[in-house]
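UniProt numbering puts the first residue of the sequence shown at 1, with every later residue one more than the last.
Think of the CB as a built atom: it goes at the ideal place given N, C-alpha and C, for glycine as much as any other residue.
All values derive from a computational prediction rather than experimental measurement.
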Amino acid sequence: MSSAILIQEKSFHRDLEAQTHFVLQGTDNFTFCPLIWRIFQLAKLFLINNEEFAGERIQGKRHYQEDDFGFDNSQPQDFLMVLADGMGGHKGGAFASDCAIKTFMNSYHAVSGRVAERLQQALQKTNQQLALEVQSKPKLKGMGCTLVGAALSEAQIEWVSVGDSPLWLYKKAGQLVRLNADHSMKPILKELVRLGEIMPGELATHPDRNMLRAAIVGGKIDLIDQSSAPLEAGDRILLASDGILSLSETEIANILDQSLSAKALVKKLLVAVDNKGKRNQDNTTALVVKM
């Protein structure tokens with residue numbers, strides 16, 4: 001019987017990014033062995049935690065940076081990525097997003113159980129923490145943020161999302177699919193266009209198009225999107241703040257289709273946003289995970 005060896009290669013990059021690749025090597029006349037096959041199947045469960053990932057943010061034309069993000073691949077089979085887009089002025093927005101990222105990540109790993117339940121608990125803890133911060137620091141009243149927390153485990157992605165920060169899945173076939181719901185007014189306005197109540201040309205310039213229908217502000221959360229989707233080898237995940245919407249989905253897909261590292265893909269996306277030269281370009285953050 002031909003032998004097969006499971007090889008683990010690790011390489012560490014600056015920015016505390018790490019990637020691990022598992023390769024099953026054998027001869028062309030590989031004879032099926034139930035034990036080796038079982039080991040391979042179990043090993044696949046750990047691939048999610050060790051894929052290539054990167055994240056970066058730019059300030060755009062704004063006077064301050066209110067986006068924040070975090071990765072955590074410290075737990076086997078439990079890769080976590082979180083993004084928050086703050087609002088409430090320089091101090092408020094930046095504080096809200098920073099507080100949200102730290103609280104969410106700490107809360108997620110502080111509890112055990114099903115991933116969906118942990119994501120929901122982390123979201124609620126984050127909302128409660130913002131309420132406590134506003135209570136102790138009245139000057140922060142009115143601050144808040146969008147929040148997307150996504151966990152990758154066992155060949156699927158599970159997420160909880162509030163606000164308009166987009167989470168996309170790019171498939172090898174060239175298909176870019178938005179996974180999470182958009183809690184801005186844009187879906188409502190699109191429905192009004194469909195019903196003929198406003199003209200299509202009004203959509204891009206409507207004063208309410210960027211208004212949020214839900215955000216993390218320490219009070220009642222009006223809308224929460226929570227779901228999951230299967231993942232395959234070759235998939236690419238993009239989590240971003242809404243500043244990336246200066247690019248069309250076609251432009252985003254064309255970049256994600258390139259055979260580049262996660263870090264290079266992030267750079268390409270942010271350079272493309274900056275090259276648009278928009279006068280009021282928002283903060284933009286992009287996180288990419290390659291499966």
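Own chain, CB closer than 7 Å to residue i, minus 5 neighbours either side, in chain order
i	result
A116	E158, Q226
K125	T103, S107
M211	S184, M185
S241	D67, L83, D85, S165, N283, T284, T285
D274	I58
V217	L130, G144
D257	G174
G142	G88, G92
P230	A155, Q156
N280	K61
I221	N127, V162, A214
M105	G70, D72, L80, V82
D98	D68
Residue i beta carbon near the ligand NAD (any heavy atom closer than 6 Å)
i	result
V82	Ligands displayed in this structure: none; no statement on the ligand NAD is therefore possible.
Beta-carbon contacts of residue i that lie in its chain and below 6 Å, excluding the five residues immediately before and after
i	result
D282	G60, G243
V288	A54, L238, A262, L265, V266
L269	I255, A286
D182	D164
G277	none
M87	G93, G144
Q65	Q59, N283
D78	S153
R118	Y108, V111
H206	L189
I101	D68, G70, V82, A84
H121	Per the sequence presented here, residue 121 reads as Gln, with His not at that position. Here the set comprises V111.
S228	Q156, E158
Supposed contact pair residue j and residue i - C-beta distance, whole angstroms, cut 8 Å
i	j	result
L179	W168	7 Å
L223	R213	6 Å
L123	G149	7 Å
T146	V160	Actually they are not in contact, since the Cβ atoms of T146 and V160 sit about 12 Å apart, beyond 8 Å.
A233	G174	That belief does not hold up - the Cβ atoms of A233 and G174 are roughly 16 Å apart, past 8 Å.
E249	L176	5 Å
Bridge-paired residues (DSSP) for residue i
i	result
T285	R57
E52	K290
L169	V177, I237
L212	S184
G144	M87
V162	L147
I224	DSSP output for I224 lists no bridge partner at all.
I157	L152, A229
Residue burial classification, residue i (beta-carbon count within 10 angstroms, cutoff 16)
i	result
V23	Low per-residue confidence applies at V23: pLDDT is 31, beneath 50, and the placement is therefore not dependable, though the value from the model is reported in the following sentence. It is exposed - the Cβ of V23 has fewer than 16 other Cβ atoms within 10 Å.
K290	buried
N73	buried
R57	buried
N127	buried
L195	exposed
Y170	buried
G113	exposed
M199	exposed
S136	exposed
E52	buried
P138	exposed
Other residues of its chain near residue i: CB distance less than 8 Å, five sequence neighbours each side excluded
i	result
A272	L247, E251, I255
L140	G88, K91, G92, F95, A96, E133, V134
K172	E232, G234, D235
I208	In the sequence on display, residue 208 carries Asp and not Ile. So the qualifying residues of the chain are M185, L189.
4 or more residues per run - each alpha helix (DSSP H) lying fully within the region 236-270: Here the runs fully enclosed are 249-256.
Give the list of continuous beta strand (DSSP E) stretches no shorter than 3 residues that lie fully inside the region 55-141. 67-72, 79-87
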